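J.: In our numbering, the protein residues as written are 68 to 513.
1. Where do the N-terminal and C-terminal ends of the alpha helix (DSSP H) with residue 139 fall, by residue?
2. Just list the residues that DSSP pairs residue 473 with in beta bridges.
3. Which of helix, strand or coil does DSSP assign to residue 121?
4. Does residue 453 come out as helix, strand or coil in the three-state DSSP assignment?
5. Taking the alpha-carbon of residue 37 as reference, which of 459, 351, 490 and 226 has the nearest alpha-carbon?
6. Using the Cβ count rule (16 or more neighbours within 10 Å means buried), how would you classify residue 259?
7. For the stretch 333-343 and the stretch 122-136, state whether three or more C-beta atom pairs, one from each stretch, are separated by less than 8 Å.
8. Residue 232 and residue 76 look like a contact to me (Cβ under 8 Å); what is the Cβ gap, rounded to whole Å?
9. If I follow the unbroken beta strand (DSSP E) through residue 97, where does it start and stop?
10. With contact counted as at least three CB pairs below 8 Å, one residue from each stretch, are the stretch 428-448 and the stretch 457-464 in contact?
11. Could you tell me which residues DSSP pairs with residue 88 in its beta bridges?
12. Is the stretch 417-429 touching the stretch 487-500 in the sense that three or more CB pairs, one from each, lie closer than 8 Å?
13. Determine the extent of the beta strand (DSSP E) in which residue 201 is found, giving its start and end residues.
14. Should residue 383 be labelled buried (16 or more other beta-carbon atoms within 10 Å of its own) or exposed?
15. To the nearest angstrom, how far is the alpha carbon of residue 183 from that of residue 160?
16. Does the structure place the stretch 210-230 close enough to the stretch 259-268 that three or more beta carbon pairs sit under 8 Å?
17. Give me whichever residues DSSP pairs with residue 217 in a beta bridge.
18. At what residues does the alpha helix (DSSP H) containing residue 444 begin and finish?
19. Considering only the beta carbon of each residue, do residue 501 and residue 400 sit closer than 9 Å?
20. Does residue 186 come out as helix, strand or coil in the three-state DSSP assignment?
21. Could you give the distance in angstroms between the alpha-carbon of residue 358 and the alpha-carbon of residue 298?
22. What is the rounded straight-line gap between the Cα of residue 372 and the Cα of residue 403?
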């Protein structure tokens, strides 16, 4: 192991990372060559952290219907956040990345129009420009720092990769983690746009978010999601290819990052782990298959996924039976459910569905409801908790939409009823049962 570590100098690791990113379709630029004052300069000074010309071109390319003045307003909003903390700035910029930047402008007829300026094209990844820049110097408040690799999408620094030399005993992967903490403190402007942080010493690699502590910098163990990566592959290669493949990275940014308010106005930024990401996308695929008849345009026709738990072998389009996601204790089941709910709610094939989250105990209902309430931005709505049988029936009679929490006991018939009445015959009502294996649900085959 010592000899293997000796071959992993920081420069070698950096060049390997750039090669893997280039193979993913990223343009690769050497930071000093595009530094201020150079012939190919991309910034006016070292305090700038965006590649403004590339961002402006992307806004114009993705929003041809928006007047130039409004695009400049969007650029100002995006690049000059004025919230009181780094995390708050990161939160508002993340909203802009996902939803677009709101602008107003005067139409030709004199009326005032509004629009959301797209920053990233999530549907067609190739419409975006992805760059990997090494040795990207940033100066802020007289602090000069040089992150190893910065990943840009449409001119915005969305990821930072910090590397250490495994040949040096004192330079562990956690030295890279500590270096990132210093960067966040001394050059916070760079991290206002950040969506992912990667650390590696050439042997180990971990990924986290802006607010992740050591415990939550986690490995990423798969590339395509169908099986765990070969343990002989470098962990850094698995992280880069598993996360930063263009479509997958955009999917993670759009659907698998959440800011949770843990109290006192403290925001914690969370990104799905590899098991959550792939399980949710498979569950979404199976949900569409189960809910949408094969004659509908959004019916899923590709092969079923095979990530950990395979799709049902005898499943038929429109059979209304989705499947089971199994979790070990402590693997983030509640957050997986929230990510899944967010994906189902937003998918056009589901046509504004209603989600019914069922537990078998009041304390679990409260706990899970609390998680979803803190993740309401994923759902694009506030969840509701049924307070009684009558309230549950009222919530379920809605014509569309809604995320409803209830215990299974509220489905019992009321006095004088032989069975629970039909409340809706819509196909886009999705039932999510927590701890579905327990006997209280009395689920039966079929």
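For every residue, glycine included, the Cβ atom is placed at its ideal position computed from N, Cα and C.
Since this is a predicted model, take the numbers as computed values, not measurements.
T.: Concretely, from the data shown:
1. 135-146
2. 425
3. helix
4. coil
5. Residue 37 is absent from the model: the chain starts at 68 and stops at 513.
6. buried
7. no
8. 5 Å
9. 94-97
10. no
11. According to DSSP, residue 88 bridges with nothing at all.
12. yes
13. 197-201
14. exposed
15. 14 Å
16. yes
17. 200 and 227
18. 443-446
19. yes
20. coil
21. 38 Å
22. With a pLDDT of only 41 at residue 372, under 50, the local geometry of the prediction cannot be trusted, and the value read off the model is given with reservation. In a straight line, the C-alpha of residue 372 is about 17 Å away from that of residue 403.
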